[in-house]
Amino acid sequence: MSETTTAFDVRHPTEGVSIIDVRGDVTPASEDGLGDAFAQASEAAAAGVVINFTGLDYMNSGGIGLLVTLLVRAQRSKQQLAAFGLSDHYRQIFELTRLDDAIAIHDTEADAIAALGTEK
Amino acid sequence: MSEQPDMATEPTAAETPAEPTAAETPAEPTAAEPTGPRNADSWARPVDRLSAKDSEKGFDPTSVDGRRIAGPIQGFGKMWQKTYTVALADADVAPQQVIADWKKHYGEFWPKGNRFQAPLAGLQPGEVGLITGKAGGLKLSTGVLVLYSDDESFSFMTPEGHPFAGMITFSAHGAAPTTAQVQLLIRAQDPMVELGMALGGHRKEDQMWIHTLTQLAHHFGVEEPAVDKQVVCVDRKRQWRRAGNIRHDAVLHTMTRPFRRSPKPAADPDGDVKET
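Those protein sequence lines, which keep their order, are chains A and B. For what it's worth, the working numbering labels the leading residue of the first sequence as 40, then goes sequentially. For what it's worth, the working numbering labels the leading residue of the second sequence as 9, then goes sequentially.
In structure tokens form, the structure reads like this:
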């Protein structure tokens, strides 16, 4: 298994929307890093939080569980959670696990932001 | 009412998985081949509905066949994350060996009362395992999809009708000692199960996983394993729009089975009638 540096960077491309850029792995070991990034993103995101999976290298089933808990946190704050940049493989995993019932998947960052009701 | 089943220790022929296949040891990609995600083979292939046709006596594949997957998002009740761990103290065993043995003997570690029919191919991604047992004194037939499986973990996802909607992940990590873990991320599938959870279902579930990890530890020679439990209520809200899940309830499905029509026998090319 290759060594991977995992990082979750938060940016605010437009008012009301935050983006978490995922780099590396999403596994149960990411709980603190992704959780902290979500807290930071959520604070400044009235409309919602978008997760950018373009830099995702690896995700296991524990990572899916982690996303479910983030979704609950977003719903509790009455925020939407969206995603873009998923490879075909992980898009299929979202569909298989029915995560896509609650986390909208978009092709691009612009699509995701627009869907949250805010123009970039 | 609908409690997590107690599980049996009656190994059957079908619980013994086939010898490892090529799918378990994917070949190294050559320079000319696209690599894709490094764990792509560990995931089940996308399916809209589950398929379960063959079963041993006592199992009911119709409780799973044609059903959709139902994860924690699709369930009704409060969402719980339950984590059970056991340190395999004094057992010189690597996480990979723990998972390999766990997959091979999965149903043997369950408490008596219920049974697990492992897929013939073993607990491989995309395979379906069947469960039979009792919940609240009533017979229950259901199953699970093997969602993910690698050297250090494997996960099940539940179908519609299973008492819980969610994921169960079995993993092993660390060294000296290796720790084995079961983690559930679940909601009760419907209001009847939610009620059952409040009336002793949580306790029964604890017993089941503590027993499972204790048996696993015994398998590796640990004499007095101590199982730790952590429970977090991830979401206290019940999803009332999912109350209709009760139409799939596995206990109700099992109770009403005698009153449902059996599939028509299929005729073979010679005109004889085959029982299906």
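Ideal Cβ placement from N, Cα and C applies to all residues, glycine included. Since this is a predicted model, take the numbers as computed values, not measurements.
For residue i, which of the options has the nearest alpha-carbon?
| i | options | result |
| --- | --- | --- |
| B:Arg255 | B:Ser163, B:Met216, B:Pro69 and B:Phe84 | B:Phe84 |
| B:Ser50 | B:Thr220, B:Trp118 and B:Phe164 | B:Phe164 |
| B:Val152 | B:Thr70, B:Ala180 and B:Met200 | B:Thr70 |
| B:His219 | B:Thr177, B:Ala60 and B:Thr93 | B:Thr93 |
| A:Asp139 | B:Val190, B:Pro185, B:Ala78 and B:Thr150 | B:Ala78 |
| A:Asp150 | A:Phe47, A:Val56, A:Gly104 and A:Met98 | A:Val56 |
| B:Lys142 | B:Val242, B:Glu232, B:Met216 and B:Arg244 | B:Met216 |
| A:Ile58 | A:Arg130, A:Phe133, A:Ala83 and A:Lys117 | A:Ala83 |
| B:Gly74 | B:Lys61, B:Thr186, B:Pro80 and B:Ile81 | B:Lys61 |
| B:Gly209 | B:Gly144, B:Val230 and B:Arg57 | B:Gly144 |
| B:Tyr156 | B:Pro167, B:Leu148, B:Ile176 and B:Leu146 | B:Ile176 |
| B:Arg46 | B:Asp158, B:Glu64 and B:Gln105 | B:Asp158 |
| B:Gln104 | B:Glu160, B:Pro80 and B:Phe178 | B:Glu160 |
| A:Asp64 | A:Asp75, A:Ala80, A:Pro52 and A:Phe47 | A:Phe47 |
| A:Ser100 | B:Met87, B:Phe178 and B:Leu148 | B:Phe178 |
| B:Asp56 | A:Glu134, A:Ile144, A:Arg62 and A:Ala154 | A:Glu134 |
| B:Thr222 | B:Pro127, B:Phe124 and B:Gln189 | B:Gln189 |
| B:Gly115 | B:Gln125, B:Ala108, B:Ile107 and B:Val106 | B:Gln125 |
| A:Arg137 | A:Glu148, A:Leu110 and A:Gly124 | A:Leu110 |
| B:Ala48 | A:Ala122, A:Asp71, A:Ile152 and A:His128 | A:His128 |
| A:Ile103 | B:Lys147, B:Ala129 and B:Leu192 | B:Leu192 |
| B:Ala225 | B:Val259, B:Asp109 and B:Pro54 | B:Asp109 |
| B:Asp257 | B:Ala180, B:Cys241, B:Glu168 and B:Lys111 | B:Glu168 |
| B:Gln197 | B:Asp98, B:Arg249 and B:Phe228 | B:Arg249 |
| A:Ala78 | A:Glu54, A:Val49 and A:Ala143 | A:Val49 |
| B:His170 | B:Lys147, B:Ala183, B:Thr186 and B:Pro185 | B:Lys147 |
| B:Trp88 | B:Val259, B:Ala251, B:Arg246 and B:Val242 | B:Val242 |
| B:Phe172 | B:Thr150, B:Leu58, B:Leu96 and B:Ala97 | B:Thr150 |
| A:Phe92 | A:His145, A:Gly72, A:Arg115 and A:Gln119 | A:His145 |
| B:Pro133 | B:Thr140, B:Arg123, B:Pro233 and B:Val154 | B:Val154 |
| B:Ala251 | B:Gln82, B:Pro233 and B:Ile107 | B:Gln82 |
| A:Asp96 | A:Thr44, A:Ala153, A:Ile152 and A:Thr108 | A:Thr44 |
| A:Phe123 | A:Thr53, A:Glu54, A:His51 and A:Asp60 | A:Asp60 |
By the three-class DSSP mapping on this structure, what secondary structure does residue i have?
| i | result |
| --- | --- |
| A:Asn91 | strand |
| B:Lys147 | strand |
| A:Ala149 | helix |
| A:Arg130 | helix |
| B:Lys111 | helix |
| A:Ala84 | coil |
| B:Arg244 | coil |
| B:Glu32 | Its pLDDT being 39, under 50, B:Glu32 is placed unreliably by the model, and the measurement read from it follows with that caveat. B:Glu32 falls in the helix class under three-state DSSP. |
| B:Ile218 | helix |
| B:Ser179 | strand |
| B:Ile81 | coil |
| B:His170 | coil |
| A:Pro52 | strand |
| B:Gly204 | helix |
| A:Thr136 | coil |
| B:Lys61 | coil |
| B:Ala52 | coil |
| B:Arg255 | helix |
| A:Gly124 | coil |
| B:Glu41 | Any reading at B:Glu41 is ruled out, since the residue's pLDDT is 45, under 50, leaving its predicted position unreliable. |
| A:Ile103 | helix |
| B:Phe164 | strand |
| A:Ser116 | coil |
| B:Thr186 | coil |
| B:Phe67 | coil |
| B:Asp98 | coil |
Interface residues of chain B around residue i at Cβ under 7 Å?
| i | result |
| --- | --- |
| A:Ala141 | Ile81 |
| A:Gln131 | Pro54 |
| A:Gly72 | Those within 7 Å of A:Gly72 in chain B number zero; the least Cβ separation is about 18 Å. |
In chain A, which residues lie less than 8 Å from residue i when you measure between Cβ atoms?
| i | result |
| --- | --- |
| B:Ile77 | Leu135, Thr136 and Arg137 |
| B:Trp217 | Residues of chain A passing the Cβ test: none, with the nearest at roughly 16 Å. |
| B:Asn122 | What B:Asn122 touches in chain A: nothing, since even the nearest Cβ is about 23 Å away. |
Name the chain A residues whose beta carbon is nearer than 9 Å to that of residue i?
| i | result |
| --- | --- |
| B:Met355 | Any answer about residue 355 of chain B is impossible in this case: the structure gives chain B only from 9 up to 284. |
| B:Ser163 | Asn99, Ser100, Gly101, Ile103 and Gly104 |
For residue i, go through chain A and note every residue whose CB falls closer than 7 Å to its CB, in chain order.
| i | result |
| --- | --- |
| B:Tyr156 | Asn99 and Ser100 |
| B:Trp51 | Ile132 |
| B:Ala48 | His128 |
With a threshold of 7 Å (Cβ to nearest heavy atom), would residue i be considered close to the ligand FAD?
| i | result |
| --- | --- |
| B:Arg211 | Absence of the ligand FAD from the depicted structure is noted, as is the absence of any ligand whatsoever, leaving it without description. |
Counting Cβ pairs closer than 8 Å, one from the region 64-82 of chain B and one from the region 78-88 of chain A, do we hit at least three?
no
Three or more C-beta pairs below 8 Å linking the region 111-120 of chain B and the region 193-209 of chain B:
no
Output, in sequence order along the chain, the residues in the region 226-243 of chain B whose CB is closer than 7 Å to any CB in chain A.
Val242 and Asp243
Counting beta carbon pairs with one atom in the region 223-239 of chain B and one in the region 89-106 of chain B, are three or more of them shorter than 8 Å?
yes
Chain D contacts from the region 175-207 of chain B (Cβ-Cβ distance under 7 Å)
Note that chain D does not occur in the displayed structure, where the protein chains are A and B.
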